[in-house]
Amino acid sequence: MRPNLINRVDLRAKYANGNIVVSTDMNYTTATHHEARAVGELDASTDYWSGAFKNATSGNYTIDLLQPKTYNSIGICLGLGLLQSATVMYSLDNISWITLKTYTNVTHYTIDYTTTGNFIARYIKVNITSPSSIVCLNEIQLFSPENTFEDNILNAVPYGYSAPNNGFWVSEGVFPPSGYQSTRSLYMEDSDNSSTSGDKVISKTGFTPHTTKTLEFMIRPVSINPSGGAIQWRITSGTTIGFRLRTISGSAVQYYNGTSYVTISGASIVAGAWTKIKVIAKVSGTSTISINGGAELTIGKASTAPTTFDGFSFSSGGATITGDKSLFDDVNFYGLTSGNQTSSIAETTTMSNNQLLIVQEEKIRNTNLEVILAPNPANEVVNIMIKNASKGEIDIYFFDISGRKIKTIQLRSNRDTANLDMPIQELQPGMYFITTKQGNRFAQTKLIKK
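Residue numbers (the working numbering): 16 to 465.
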């Protein structure tokens, strides 16, 4: 039975657009079954011939996702009705691999889903063996903590969201494909100027309240009414709007300071193009917005009343204004603690092969190297202690919750234990993953920045 996994990554669209690369020796083709091909397992179909085949007792399949990103579940279907064994792995560098799932002498008739907890990967590999003379990978699926909308019901409000005045639905027909490097996205269209139902708002609430929350999403404005129109996004505490931002006709980006809108210097969102938005909202301290990974620009509050944040919303320009249209995709809302909808670490998930994937303390995914962070959570400086090291260079990589590498450090060890006091004042509050690598050994740890 399939778990409640709706945030599937659209691998087929990404492959078609050149956003991922496939390497495999499973290249069998036949004129009678055109769906049998090296990328047949990316098509979301479990028909027998819709997969990658090889006339041999073993085969391998690797997907290069071209950038590290965070995933939380995987679906695998080996050859339908074929007795096979397989190992599913992930990697950041195509050298050191961590096992996600092991299959031993199984026969698949549908997709087998595994919820793993968050892991950061650039590469996914499946090694398959069979006692017969044919191996097959029928289907592979990846799932994200981001709202991708791929497996939500088409032309309906997406799961977990509320849109009482309508105007929002999952679409794949606006700019086919509608999504950001994918088929589907969330679409907003305001064609209602009623004073009672014309205010088009979609919200998602019920997150664990926290004093710092981050909202990330892709946006593609379709049209904005030049006379008062806007596309808005808000960070909320219950029904109170703590932060209110918008883009208006002409591409300017503004925040509301409780009295009026303030244009943010250096910020713009171009209509008809996908733009990455990241808002870090804080009850106290400096809150920021960054666009397409650029500089963090200071924003002000719409209200000082909230003491925590627990939700977000998107909306059009207002009740009596029509013509505002936009696409949204890859929406993620998270903070420092686990919540019922936040994209946070699943603290006690273990793998079927007894490899500990995520643990409650500071160590996770340890392959001989042992890394201890203290203090954790940390504010200004964190001590990184690396045990079981050998003499030589050690590479330390910092990734944010979305899988983007934000810092690289090279440390030289002269003994089996290395120490580094690492200043982290410049990091925004949130969760980070630290990958420590020496040769073909590495460990991944998590850090909470207060």
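Glycine included, C-beta positions come from ideal geometry on N, C-alpha and C.
Taking 7 Å as the cut-off, the beta carbon of V150 is found no closer than this to the beta carbon of G90. DSSP places K219 inside the beta strand (DSSP E), whose first and last residues are 216-219. When the Cα atoms are used, G281 and V294 turn out to be separated by approximately 15 Å. DSSP places Y124 in the coil class of the three-state scheme, outside both helix and strand.
Under the DSSP assignment, L97 falls outside any beta strand (DSSP E); it carries neither an H nor an E label. Boundaries of the alpha helix (DSSP H) harbouring L26: 26-31, taken from the DSSP string. Check the Cα spacing between A317 and each of R261, I336, A310, I449: the tightest is with R261. The region 288-305 makes contact with the region 221-240: 3 or more CB pairs, one atom from each, lie closer than 8 Å. Taking every protein chain shown into account, the CB of P390 has fewer than 16 other CB atoms within 10 angstroms, so this residue is exposed. The Cβ-Cβ distance between Y105 and L115 falls below 7 Å.
C-alpha of R427 to C-alpha of E408: approximately 4 Å in a straight line. With a cutoff of 7 Å on beta-carbon distance, V298 and T226 are scored as near each other. Taking a 10 Å sphere around the C-beta of I263, we find 16 or more other C-beta atoms and assign the residue as buried. Taken in chain order, the complete alpha helix (DSSP H) segments of 4 or more residues contained in the region 118-167 number zero; there are none. Under DSSP, the beta-bridge partners assigned to Y76 are T39, V141. For S283, DSSP records a beta bridge to A267.
For E56, the three-state secondary structure derived from DSSP is helix. Here F222 carries a coil assignment [DSSP, helix/strand/coil].
With respect to S417, F324 sits apart: the two C-beta atoms are not nearer than 7 Å. For I306, the uninterrupted beta strand (DSSP E) segment begins and ends at 302-306. In this structure, Q156 is the residue among Q156, G132, P146 with its C-alpha nearest to the C-alpha of I139. For Q440, the secondary structure class from DSSP, reduced to helix, strand or coil, is coil. Within the same chain, and ignoring the five residues on either side of E165 in sequence, the residues whose Cβ sits closer than 8 Å to its Cβ are I21, N22, R23, V24, D25, G194, S197, T198, R199. An exposed status is given to R430, since fewer than 16 other beta-carbon atoms sit within 10 Å of its beta-carbon. Counting only the Cα atoms, R137 lies some 20 Å from I143. Comparing alpha-carbon positions, the option among E395, N394, T451, T335 lying closest to K402 turns out to be T451. Contact between D214 and A334 holds, with the beta-carbon distance rounding to 4 Å and staying under 8 Å.
Taking 7 Å as the cut-off, the Cβ atoms of F329 and I250 do not count as close. Distance from the Cα of A267 is smallest, within the candidate group S275, D436, V285, Y118, for V285.
Exposure of H49 is indicated by the presence of fewer than 16 other C-beta atoms within 10 angstroms of its C-beta. The straight-line gap separating the alpha-carbon atoms of S159 and Y86 is approximately 4 Å.
In this structure, N167 keeps its C-beta atom at 7 Å or more from the C-beta atom of Y176. Under the three-state reduction of DSSP, I421 is assigned to strand. Using a 10 angstroms sphere on the CB of T460, the tally of other CB atoms reaches 16 or more, which defines it as buried.
DSSP places N403 in the coil class of the three-state scheme, outside both helix and strand. The alpha-carbon of S283 is positioned some 16 Å away from that of Y271.
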